[in-house]
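Structure, as structure tokens:
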Amino acid sequence: MAFGRLPLPAAEKGQTMQIEFLGATREVTGSCFLVRVGEHRLLVECGLIQGSREHEEHNREPFPFAAAEIDAVVLTHAHLDHSGRLPLLIKRGYTGPVYTHRATVDLCGIMLEDAGYLNEKDVQWENKKRQRKGLELLEPLYTRDEARVAHRQFVGLDYARPREVLPGVRLTLHDAGHILGSAIVELELTEAGRTRKVVFSGDLGHKGAPILRDPETLAQADLVVMESTYGNRQHRPWEETWQEMGEIISNARSGRGNILIPAFTVGRTQELLYTFRTHYQAWGIGDWQVFLDSPMGIEATEVYASHARVYDKQARQLHAESGDPFELPNLHLSRRSQDSMQINQVSSGAIIIAGSGMCTGGRIRHHFKHNIWRAQSHIMIVGFQARGTLGRTLVDGARRIRLWGETVQVKAKVHTIGGLSAHADQNGLIDWFSHFENRPLVALVHGEAAAMDTLAQRLASDCQAKVVQPDFREKLSL
Ligand SMILES: [Zn+2]
7 MAFGRLPLPA
17 AEKGQTMQIE
27 FLGATREVTG
37 SCFLVRVGEH
47 RLLVECGLIQ
57 GSREHEEHNR
67 EPFPFAAAEI
77 DAVVLTHAHL
87 DHSGRLPLLI
97 KRGYTGPVYT
107 HRATVDLCGI
117 MLEDAGYLNE
127 KDVQWENKKR
137 QRKGLELLEP
147 LYTRDEARVA
157 HRQFVGLDYA
167 RPREVLPGVR
177 LTLHDAGHIL
187 GSAIVELELT
197 EAGRTRKVVF
207 SGDLGHKGAP
217 ILRDPETLAQ
227 ADLVVMESTY
237 GNRQHRPWEE
247 TWQEMGEIIS
257 NARSGRGNIL
267 IPAFTVGRTQ
277 ELLYTFRTHY
287 QAWGIGDWQV
297 FLDSPMGIEA
307 TEVYASHARV
317 YDKQARQLHA
327 ESGDPFELPN
337 LHLSRRSQDS
347 MQINQVSSGA
357 IIIAGSGMCT
367 GGRIRHHFKH
377 NIWRAQSHIM
387 IVGFQARGTL
397 GRTLVDGARR
407 IRLWGETVQV
417 KAKVHTIGGL
427 SAHADQNGLI
437 DWFSHFENRP
447 LVALVHGEAA
457 AMDTLAQRLA
467 SDCQAKVVQP
477 DFREKLSL
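In case it helps, our numbering puts the sequence shown at residues 7 to 484.
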């Protein structure tokens, strides 16, 4: 039985309330959904399309709507595949508010500016080549300044405080437990006396993850727009992950090598610092010097430290008893590149956390250059590594890598730690959905075909749910 191809109900005469799927349809990036209620148009997410260079070119295309005609925007969380085209939307004429959680406002301040900076860098590099070829020069998607200006339109909300954002549109955010400030978006839409409730899962967190609460569950909805990233995968138990990490650190200590950890600057970096703090004695962290070598990672950690209200019970308790839960007595913050270069002098006893998360750029590559050819070094892979990245090459066991045109041998031990995911696995997704008592229609988004198909089958068999997998530009009446 093909679960994916159920036809979407067509609009009835005179009925205008509908949702149009404009991104993350049968893929994981570029989240974007347009909701029409009466005269009003509400955009949920405006994410960056990420992947190959050709695929990313789609970001430059005109939106399938006029930016100036949007009345309000709602954002689930700060990750760029959800937020990364907002400065572009604003550059193209959107003048209204972007409603999101307060912590997301703060994180977006860092992330969108950085995205703007990278856009400028990218285009500079590309334009040098184009100039030589006599081709027309490109404009950045948006600049750092444009991102900064766009950020002024962000409006911070708390969880569980309903707010009428437009006539006939009531918005409530619920904790999604994915990254700091991440939200499940609940919209109550009223048109001509008829009310429909639409719930957007956003990205759902991994139950039991450090720092954050588990995703909240809801009991009622008419439509659930649900992510399906790990719809065909189960994570290993947290305990096993912590045990493995503890063992690697203990073993590395006896071998007197450095441990390099490529980490995403938002989320994973804070989880690592927090876990080092909570396992400080057990893992002998006090015997090491810990370096956070990432200006953006440092800023994101400050944002995490300033939103203790949204922590889970354990993190709140730690915060209440001894302050900032990311602080370690032996933690060194490397903001300037001179600070980063000084770490090169340390040949043993350093744990170095640096970006980028998939080793495609950033300071981690400099640390590879100084450590990866030494047998006593360790590399700890703690995040997803996409095909084609240097991180993936290491996971796959490469014995040689290329760094700045030079071939470097890999003598370091490479450890891949599974289980540290910010996304719910298949059981987590099913469990979250099973709390809806009225078995609403589910529209699956934000997943690759295999993950979506498997999740659709389980939702149908375990929860008797009716599941659709909308295509790009498909509309669903509400
Ligand atoms: Zn996310």
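Glycine residues also receive a C-beta, built at the ideal position from the N, C-alpha and C atoms.
Treat the numbers as computed from the prediction; the structure is a model and nothing was measured.
CA-to-CA distance, residue j to residue i, given in whole angstroms
i, j, result
"Ile385", "Gly361", "13 Å"
"Phe69", "Thr31", "15 Å"
"His139", "Ile190", "At residue 139 the sequence reads Lys, which differs from the His that was named. Cα-Cα distance, rounded: 48 Å."
"Ala321", "Thr22", "45 Å"
"Leu450", "Cys38", "13 Å"
"His452", "Thr284", "33 Å"
"Val231", "Val474", "10 Å"
"Leu113", "His373", "26 Å"
"Ala326", "Ala314", "9 Å"
"Arg464", "Asp220", "22 Å"
"Val205", "Ser383", "47 Å"
"Asp345", "Arg369", "11 Å"
"Leu86", "Gly53", "6 Å"
"Glu333", "Arg341", "16 Å"
"Phe439", "Thr196", "24 Å"
"Glu33", "Glu454", "5 Å"
"Ile217", "Tyr280", "7 Å"
"Ile407", "Arg259", "25 Å"
"Cys469", "Ile436", "8 Å"
"Gly292", "Asp330", "17 Å"
"Gly424", "Gly303", "22 Å"
"Val448", "Ala471", "7 Å"
"His2", "Tyr236", "Because the chain is modelled from 7 through 484, residue 2 falls outside the range shown and cannot be assessed."
"Gly162", "Gly290", "40 Å"
Check whether residue i and residue j have beta carbons under 8 Å apart
i, j, result
"Glu51", "His88", "yes"
"Asn238", "Thr399", "no"
"Glu152", "Lys97", "yes"
"Leu229", "Pro446", "yes"
"Leu186", "Ala269", "no"
"Pro93", "Ala156", "yes"
"Phe478", "Phe160", "no"
"Thr35", "Gln56", "yes"
"Val175", "Val43", "yes"
"Met117", "Val309", "no"
"Leu147", "Arg59", "no"
"Cys124", "Val80", "Inspection of the sequence shows that residue 124 is occupied by Leu rather than by Cys. Contact flag unset, no."
"Tyr100", "Ala121", "no"
"Met347", "Ala392", "no"
"Glu277", "Leu409", "no"
"Arg405", "Val420", "no"
"Glu126", "Arg154", "no"
"Thr275", "Ala225", "no"
Anticipated Cβ contact below 8 Å, residue i with residue j, distance rounded
i, j, result
"Arg380", "Ala418", "7 Å"
"Leu144", "Arg136", "7 Å"
"Ala227", "Phe442", "6 Å"
"Val296", "Asn336", "6 Å"
"Ile359", "Asp318", "22 Å between Cβ atoms; not a contact."
"Thr413", "Thr366", "Actually they do not touch by this definition, with Cβ atoms about 18 Å apart."
"Leu210", "Glu233", "6 Å"
"Ser188", "Gly208", "6 Å"
"His241", "His212", "6 Å"
"Ile25", "Leu339", "Ile25 to Leu339, Cβ: 44 Å. No contact."
"Ile378", "Ile267", "Not quite, the Cβ-Cβ distance comes to about 13 Å (not below 8 Å), so this is no contact."
Beta-bridge pairing of residue i - partner residues as DSSP gives them
i, result
"Leu195", "Val175 and Arg202"
"Met232", "Leu450"
"Gly99", "Its beta-bridge partners do not exist; DSSP assigns none."
"Arg42", "Gln24 and Arg47"
"Glu170", "Arg176"
"Ile359", "Ile267 and Leu298"
"Asp181", "Ala189"
"Tyr165", "DSSP lists no partner for Tyr165."
"Ile385", "Leu266 and Val420"
"Phe374", "Note: Phe374 sits in no beta bridge, so no partner."
"Gly29", "Cys38"
"Lys481", "Glu26"
"Val473", "Val448"
"Val104", "Val79 and Phe160"
Residue-chain proximity (residue i, chain D), Cβ-Cβ < 8 Å
i, result
"Glu245", "The question asks about chain D, but that chain is absent: this structure has only one protein chain."
Ranges of the beta strand (DSSP E) found wholly within the segment 273-353, counting only runs of at least 3: 295-299 and 337-339
What are the uninterrupted segments assigned as alpha helix (DSSP H) that are 4 or more residues long and contained completely in the segment 392-459, given in chain order? 396-401 and 432-440
Return the chain-ordered ranges of every beta strand (DSSP E) run that is complete within the segment 51-82 and spans a minimum of 3 residues. 78-80
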